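Colleague: Below you'll find the structure I mean.
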Amino acid sequence: MALNLAKITLSTFHSRDTSIKPGFPYGSQKIRGVNLGGWLVLEPWITPSIFDNTGDTRVVDEYTFGQYVNPSTAISVLQNHWNTWITEEDFARMAEAGLNHIRLPIGYWAFDVSSGEPYHQGQLPYLQKAVTWAGKYGLKVIVDLHGAPGSQNGFDNSGQRLSYPRWQSNPNNVARTLTIMSTLANMFKSQTNIVTAIAALNEPAGFDSDVLPVTRQYWHDSYERIRYPSGDNQESNLIQVIHDAFQDLSQWNGFEAAPNFQGVVMDTHVYQMFSNNRVAQTREQHIASACSQRSRLASYTTLWTVVGEWTTGSTDCAKYLNGRGSGSRYDGSYPGSKFIGSCVGLTGNAGSFSSTYKTFMRQYYEAQVKNVRKLSIILG
């Protein structure tokens, strides 16, 4: 079963009165879910073999995969990957494990490829299969737009690794993204019993000053397309998921608040390894930091809040986690980092993990999950 268990979807929903009738009783039932990462959007750290097998170090994301790999070879590799990475059996096992939600990343290129963009299409039939399988096994789906034209963050998981995002710099990029929101909302407006939410854009780089204002306006504009897909006053039961854009949640106080907005979820992602200071923390400090998330989440009450990504990993040792060829901060191979420790035994086959490391990961998991469950909000 090829599930991306490194980024497990947790949901923490603040209860509030609302006129929307979503396809899942948020606020009264707990959500337990998983990200199906690396399936319909390639990510080097999730499927490093796809990138290694190209024999070309220029291939660092799905954009360069389409750019440098022979088209017939690329299409064959993608189709095999789509057919085998996630199957109906995985959906059955997810349901059997007690999960009730999946977050399904997909890139803009599945819907729209413009001249000069080297992406290969063919993902949409698998999106439809996923929704069918989810319905069969009683799972709910959050469709997540993981990559936008020009890249909203410059990360390889947006489809194109760049030194600086370009999505915000061209109004046509934003317009194309909004068109995809309309497409998705119309695809699933009659299936909200399965597809309960659309995540309008994953991780826009709000730490770049020119990205944040475009993002804030995009959240408003995409809300209209998700909640009113017919373009009139007929309201959908689809929920809009927005991301905190790497800003403190307090920066979003009052944003898209009721009663003018209904059915909006704030998504925040929790990782403790993407800076030199974070990755240098002791295991005890990582657990303490996880416990501190309780007060951070409890202090934000404007919107329902979902922890859309988190992990039991405390280092950046996973192969290509920082990008293909970028190295690791933990072992000092990442530019500008200093050696903290060896990555041996901290990534790869779990059979190589020590009992001490496994105990820490269990404790780290419990700190993240149990501590937040003490809140008066629903946690998956």
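Residue numbering for the sequence shown is 7 to 386, as defined by our numbering.
For each residue, glycine too, the CB sits at the ideal point set by N, CA and C.
The structure displayed is predicted, hence computed values, not measured ones.
Given Tyr132, which residues of its chain have a CB within under 7 Å of its CB, disregarding the five upstream and five downstream residues?
Modeller: Counted from its first residue, the sequence shown places residue 132 at position 126. Leu46 and Trp88.
Colleague: Comparing alpha-carbon positions, which option in Met367, Pro111 and His126 lies nearest Glu290?
Modeller: Numbered from its first residue, the sequence shown carries residue 290 at position 284. Checked all of Met367, Pro111 and His126; the closest Cα to Glu290 is Met367.
Colleague: What did DSSP end up calling Thr18 once you bin it into helix, strand or coil?
Modeller: If you number the sequence shown from 1, residue 18 lands on position 12. Caution is warranted here: a pLDDT of 44 is assigned to Thr18, below 50, making its placement in the model unreliable, and no coordinate value can be reported.
Colleague: Could you compute how far the alpha carbon of His308 sits from the alpha carbon of Ala181?
Modeller: Stepping through the sequence shown from its first residue, residue 308 is reached at position 302. Stepping through the sequence shown from its first residue, residue 181 is reached at position 175. Here the sequence assigns Thr to residue 308, which means His is not the residue at that position. Their Cα atoms are separated by approximately 28 Å.
Colleague: Compute the Euclidean distance between the alpha carbons of Leu168 and Thr311, then round it to the nearest angstrom.
Modeller: Within the sequence shown, the letter at position 162 stands for residue 168. Within the sequence shown, the letter at position 305 stands for residue 311. C-alpha separation (whole angstroms): 29 Å.
Colleague: Judging by CA-CA distance, which residue of Val65, Ser348 and Ser334 is the nearest neighbour of Gly342?
Modeller: To locate residue 342, count along the sequence shown from 1; it is residue 336. Ranking Val65, Ser348 and Ser334 by Cα distance to Gly342 puts Ser334 first.
Colleague: Determine, using beta carbons only, whether Asp273 comes closer than 8 Å to chain D.
Modeller: Going by chain labels, chain D is absent from the structure shown, which holds only one protein chain.
Colleague: Which same chain residues end up closer than 7 Å to His387 when comparing Cβ atoms and leaving out the 5 residues on each side of it in sequence?
Modeller: Shown here, the chain extends from 7 to 386; a query on residue 387 therefore has no answer.
Colleague: Need the endpoints of the beta strand (DSSP E) that Asn41 sits in, please.
Modeller: As a first step, residue 41 is located in the sequence shown; it is residue number 35 there, counting from the start. Run containing Asn41: Gly39 to Asn41, per the beta strand (DSSP E) assignment.
Colleague: To which residues does DSSP link Lys146 through a beta bridge?
Modeller: Residue numbering aside, residue 146 sits at position 140 when the sequence shown is read from its first letter. Partner(s): His107.
Colleague: In angstroms with no decimal places, state the Cα-to-Cα distance between Ser236 and Gly357.
Modeller: Reading the sequence shown from its first residue, position 230 is the one you call residue 236. Reading the sequence shown from its first residue, position 351 is the one you call residue 357. Each residue's alpha carbon lies about 52 Å from the other.
Colleague: Terminal residues of the continuous alpha helix (DSSP H) containing Ile81?
Modeller: For the purposes of this step, residue 81 is taken as the residue at position 75 of the sequence shown. It spans Pro77 to Thr90 - the alpha helix (DSSP H) in which Ile81 sits, taken as one unbroken run.
Colleague: Please report the straight-line C-alpha distance between Ile112 and Gly347, rounded to a whole angstrom.
Modeller: Along the sequence shown, read from residue 1 onward, the residue named residue 112 stands at position 106. Along the sequence shown, read from residue 1 onward, the residue named residue 347 stands at position 341. The straight-line gap from Cα to Cα measures roughly 35 Å.
Colleague: Thinking Phe117 and Ile186 are a contact (beta carbons under 8 Å), I'd like their distance in whole angstroms, please.
Modeller: Locating residue 117 in the sequence shown gives position 111, counting from the first residue. Locating residue 186 in the sequence shown gives position 180, counting from the first residue. Yes, they are in contact, since the Cβ atoms of Phe117 and Ile186 sit about 5 Å apart, within 8 Å.
Colleague: Buried or exposed: which applies to Gly314, given that a residue is buried once 16 or more other Cβ atoms fall within 10 Å of its Cβ?
Modeller: The residue you call residue 314 lines up with position 308 of the sequence shown. Buried, since its Cβ has 16 or more Cβ neighbours within 10 Å.
Colleague: Going by Cα to Cα distance, which pick from Ala136, Glu68, Glu102 and Pro28 is closest to Arg330?
Modeller: Mapped onto the sequence shown, residue 330 falls at position 324. Nearest option by C-alpha distance: Glu68.
Colleague: Can you tell me where the beta strand (DSSP E) holding Gln299 begins and where it ends?
Modeller: Stepping through the sequence shown from its first residue, residue 299 is reached at position 293. Not the beta strand (DSSP E): Gln299 falls in the alpha helix (DSSP H), residues Arg289 to Ala304.
Colleague: Do Asn159 and Pro171 have their CB atoms nearer than 8 Å?
Modeller: Here residue 159 corresponds to residue number 153 of the sequence shown, with the count starting at 1. Here residue 171 corresponds to residue number 165 of the sequence shown, with the count starting at 1. Cβ distance < 8 Å, so Asn159 and Pro171 count as in contact.
Colleague: Buried or exposed for Ser281, please, with buried defined as at least 16 other CB atoms from any protein chain shown within 10 angstroms of its CB.
Modeller: Residue mapping note: residue 281 aligns to position 275 of the sequence shown, counting from 1. With fewer than 16 other Cβ atoms within 10 Å, it is exposed.
Colleague: Indicate the three-state DSSP secondary structure (helix, strand or coil) for Asn58 in the structure shown.
Modeller: Reading the sequence shown from its first residue, position 52 is the one you call residue 58. Position check: residue 58 holds Asp in this sequence, whereas Asn was assumed. In this structure, Asp58 counts as helix in the three-state DSSP scheme.
Colleague: Note the first and the last residue of the continuous alpha helix (DSSP H) segment covering Gln73.
Modeller: The sequence position of residue 73 within the sequence shown is 67, counting from 1. Note, Gln73: alpha helix (DSSP H), Glu68 to Tyr74.
Colleague: Do you know whose CA, among Ile56, Asp227 and Val66, lies nearest Asn86's CA?
Modeller: Position 80 of the sequence shown, counted from the start, is the residue given in the question as residue 86. Asn86 has its Cα closest to that of Ile56, out of Ile56, Asp227 and Val66.
Colleague: Based on the DSSP output, what are the partners of Glu315 in its beta bridges?
Modeller: For the purposes of this step, residue 315 is taken as the residue at position 309 of the sequence shown. In the DSSP output, where bridge partners are listed per residue, Glu315 has His275.
Colleague: By how many angstroms is the C-alpha of Val149 removed from the C-alpha of Ala251?
Modeller: Counting from one through the sequence shown, the residue named residue 251 turns up at place 245. Counting from one through the sequence shown, the residue named residue 149 turns up at place 143. C-alpha separation (whole angstroms): 18 Å.
Colleague: State yes or no: is the C-beta of Pro28 within less than 8 Å of the C-beta of Ile245?
Modeller: On the sequence shown, position 22 is the one that residue 28 refers to. On the sequence shown, position 239 is the one that residue 245 refers to. Yes, they are a contact pair.
Colleague: Okay, do the region 193-209 and the region 137-151 touch, 3+ Cβ pairs below 8 Å being the bar?
Modeller: Yes, the region 193-209 touches the region 137-151.
Colleague: Using only CA atoms, which one of Tyr143, Val147 and Asn179 lies nearest to Glu123?
Modeller: Stepping through the sequence shown from its first residue, residue 123 is reached at position 117. The shortest C-alpha separation from Glu123 is found at Asn179.
Colleague: Where does Val65 sit, in a helix, a strand or coil, going by DSSP?
Modeller: Indexing the sequence shown from 1 puts residue 65 at position 59. In this structure, Val65 counts as coil in the three-state DSSP scheme.
Colleague: Beta-carbon separation of Tyr143 and Phe97 under 8 Å?
Modeller: Here residue 143 refers to the residue found at position 137 of the sequence shown. Here residue 97 refers to the residue found at position 91 of the sequence shown. Yes, they are a contact pair.
Colleague: Return the residue from the list Gly212, Gly269, Gln287 and Glu262 that minimises the CA-CA distance to Asp254.
Modeller: Here residue 254 refers to the residue found at position 248 of the sequence shown. Out of Gly212, Gly269, Gln287 and Glu262, Gly212 has the C-alpha closest to the C-alpha of Asp254.
Colleague: Starting from Ala181 and walking both ways along the alpha helix (DSSP H), at which residues does that stretch end?
Modeller: As a working mapping, residue 181 is identified with position 175 in the sequence shown. From DSSP, the alpha helix (DSSP H) with Ala181 extends over Pro177 to Phe194.
Colleague: Among Gln35, Glu49 and Ser34, whose alpha-carbon lies nearest the alpha-carbon of Ala324?
Modeller: As a working mapping, residue 324 is identified with position 318 in the sequence shown. Among Gln35, Glu49 and Ser34, the Cα nearest to that of Ala324 belongs to Glu49.
Colleague: Would you mind giving the Cβ-Cβ distance between Gly104 and Arg38, rounded to the nearest angstrom? I have them listed as a contact below 8 Å.
Modeller: Within the sequence shown, the letter at position 98 stands for residue 104. Within the sequence shown, the letter at position 32 stands for residue 38. The Cβ separation is near 6 Å, so the contact holds.
Colleague: If you compare alpha carbons, which of Val375, Val147, Thr288 and Lys364 is closest to Ala205?
Modeller: Locating residue 205 in the sequence shown gives position 199, where the first residue counts as 1. Comparing Cα-Cα distances from Ala205 to each of Val375, Val147, Thr288 and Lys364, the minimum goes to Val147.
Colleague: Could you pull out every unbroken beta strand (DSSP E) segment of at least 3 residues lying fully inside the region 309-353, listed in chain order?
Modeller: Whole beta strand (DSSP E) segments, 3+ residues: 310-315.
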